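Trainee: Have a look at this one before I ask anything.
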Amino acid sequence: MKITKAAAAGTMESSDVYVEIQPADQISVQIESVVFQQFGQQIDQVVRQVLADHGVAGASVSLNDKGAVECVIRARVETALKRAEGGEN
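Read left to right, the sequence shown gives residues 66 to 154 (the numbering used here).
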């Protein structure tokens, strides 16, 4: 999958995550989270796994997490990816 434009998914509500994706030459993940000390590394792994599952070789991903569970993080990243390639809105 090739990222062709900037896209976002999610909200800033409690138990959700706001994800922004932009085209880039390589993978870059920035995480701001209320639970970063406990789960920052796991959040990073989940994001990188979703990118790998979709064959993304270059993207800048920024997350603002408000305590989302793993399935929500996966869903928001996947939605942003589809929007960034020009798919679903």
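Think of the CB as a built atom: it goes at the ideal place given N, C-alpha and C, for glycine as much as any other residue. Note that the structure is a prediction, hence the values are computed from the model and not measured.
For Ala89, which residues in the same chain have their Cβ closer than 6 Å to its Cβ, ignoring the five residues on either side in sequence?
Mentor: Stepping through the sequence shown from its first residue, residue 89 is reached at position 24. These residues qualify, in order along the chain: Gly123, Ala124 and Ser125.
Trainee: Out of Ser80, Gln103 and Glu85, point me to the one whose CA is closest to Ala72's CA.
Mentor: Taking the first residue of the sequence shown as position 1, residue 72 is located at position 7. If we check each option's Cα against that of Ala72, Glu85 comes out closest.
Trainee: Provide the residue span of the alpha helix (DSSP H) that contains Ala74, from first to last.
Mentor: By 1-based counting over the sequence shown, the position of residue 74 is 9. Looking at the DSSP string, Ala74 is not in any alpha helix (DSSP H); the run it does join, the beta strand (DSSP E), is Ala72 to Ala74.
Trainee: Checking 8 Å against the spacing of the C-beta atoms, do Glu150 and Thr69 come in under that value?
Mentor: Working through the sequence shown from its first residue, we reach residue 150 at position 85. Working through the sequence shown from its first residue, we reach residue 69 at position 4. Contact: yes.
Trainee: Quick check on DSSP: helix, strand or coil for Ala124?
Mentor: Mapped onto the sequence shown, residue 124 falls at position 59. Strand at Ala124.
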